[in-house]
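K.L.:
Heads up: the sequence shown is residues 38 to 178, going by the numbering used here. I'd like to ask you about the structure that follows.
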Amino acid sequence: MLPLILIPLLLCLFNIYRRLTCIIKVKFTKFTLMTLIIALALMLFAGYKLKNDLVGYIIVLSWWLAFFTSIVSAGISERGIIHPWQLVAKLYRWDRIRSFSIEKKEKTIMVNFKIFRDLRQEYDKSDLDKIKKIAKKNKLI
Numbered sequence: 038m039l040p041l042i043l044i045p046l047l048l049c050l051f052n053i054y055r056r057l058t059c060i061i062k063v064k065f066t067k068f069t070l071m072t073l074i075i076a077l078a079l080m081l082f083a084g085y086k087l088k089n090d091l092v093g094y095i096i097v098l099s100w101w102l103a104f105f106t107s108i109v110s111a112g113i114s115e116r117g118i119i120h121p122w123q124l125v126a127k128l129y130r131w132d133r134i135r136s137f138s139i140e141k142k143e144k145t146i147m148v149n150f151k152i153f154r155d156l157r158q159e160y161d162k163s164d165l166d167k168i169k170k171i172a173k174k175n176k177l178i
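If you want it as structure tokens, here you go:
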């Protein structure tokens, strides 16, 4: 039982470290909140079906916390773009990015980049100059 609790907590620490190394952090949107609520409901249902006791719920909540920190840890760092991927935030290095574009929306900026598939991240409008500066530095625009 102990590894089922400790593994997601180690993933949480890894994702929190990734979040702290981000220069520009992804905006927390309604879609992110809905994803987290749906994931929590599904995991609590699984915990109820598999093991209807305190240990089962602790296991489920520790895995949900790993999922939560994976989503929240996304952003732009010096080494590349951190994107939530499964339970661990995945770092896409600047040299692997094939295409990069910035879309302006009403209150936010959408950054689109392509590695092996199209990925998108939403940032606050106040970060536009920082994003352009980093993109020019890494020869993306």
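Backbone N, C-alpha and C define an ideal beta-carbon position, used for all residues, glycine too.
1) Do Trp131 and Arg116 have their CB atoms nearer than 9 Å?
2) For Lys230, collect the residues of the same chain with a Cβ closer than 6 Å to its Cβ; drop the 5 residues on either side in sequence, then sort them by chain order.
3) What residue does the alpha helix (DSSP H) around Val92 start on, and which one ends it?
4) Tell me whether the beta-carbon of Ile152 lies closer than 9 Å to the beta-carbon of Ile171.
5) If you draw a straight line from the alpha carbon of Glu143 to that of Ile42, how long is it in whole angstroms?
6) Could you spell out the range, first to last residue, of the beta strand (DSSP E) harbouring Phe137?
7) Between Gly112, Ile75, Val92 and Leu39, which has its C-alpha nearest Leu57's C-alpha?
8) Label Pro45 either buried or exposed according to how many other C-beta atoms from any shown protein chain fall within 10 Å of its C-beta, with 16 as the threshold for buried.
9) Check Phe51 in the structure and name its three-state DSSP category.
10) Less than 6 Å between C-beta atoms, sequence neighbours within five positions excluded: which residues of the same chain meet that for Asn149?
11) Do Leu48 and Ser114 have their CB atoms nearer than 9 Å?
P.N.:
On the basis of the supplied data:
1) yes
2) Outside the displayed range of the chain (38 to 178) lies residue 230, so it cannot be described from this structure.
3) Leu91 to Val109
4) no
5) 42 Å
6) Ser136 to Lys141
7) Gly112
8) buried
9) helix
10) Ser138 and Arg157
11) no
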